[in-house]
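Have a look at the structure below before the remarks.
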Amino acid sequence: GLRDILEGDRERYMAVEVSRRAAAGADVLLVCHAARAVGLQRLLADGPAGARTAAAASSAQASRIWPFLLVLTYVLVPGYGSLFVAWR
Numbered sequence: 071g072l073r074d075i076l077e078g079d080r081e082r083y084m085a086v087e088v089s090r091r092a093a094a095g096a097d098v099l100l101v102c103h104a105a106r107a108v109g110l111q112r113l114l115a116d117g118p119a120g121a122r123t124a125a126a127a128s129s130a131q132a133s134r135i136w137p138f139l140l141v142l143t144y145v146l147v148p149g150y151g152s153l154f155v156a157w158r
């Protein structure tokens, strides 16, 4: 659910930042949970392009939910609230 989406996004962000900040030929120490290490190793094994591609795919997928959230937030919630207050 939501937790998986947030964890995946966090892993992609960390992988992009590590690949962006790491110096060529230098060792990098990254401290994280064991569960997060598996995803980071997978993303970092693909190289910087793999991490950035995964981040771009995630942002494209996230953009599909925004129209629904905007309608829910600005139309349905105030409309329901108005009906609830008028009924009372």
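Numbering (my numbering), first residue to last: 71 to 158.
Virtual Cβ for every residue (Gly too), placed ideally from N, Cα, C.
Computed from a prediction, not measured in an experiment: that's the story for all the values here.
Rounded distance between the beta-carbons of residue j and residue i, thought under 8 Å
| i | j | result |
| --- | --- | --- |
| residue 113 | residue 77 | So it is not a contact: roughly 12 Å between Cβ atoms. |
| residue 110 | residue 85 | 6 Å |
| residue 100 | residue 108 | No, residue 100 and residue 108 are not in contact; Cβ-Cβ is about 13 Å, not under 8 Å. |
Assigned secondary structure, residue i (DSSP; H/G/I helix, E/B strand, else coil)
| i | result |
| --- | --- |
| residue 74 | helix |
| residue 100 | coil |
| residue 85 | helix |
| residue 151 | helix |
| residue 94 | coil |
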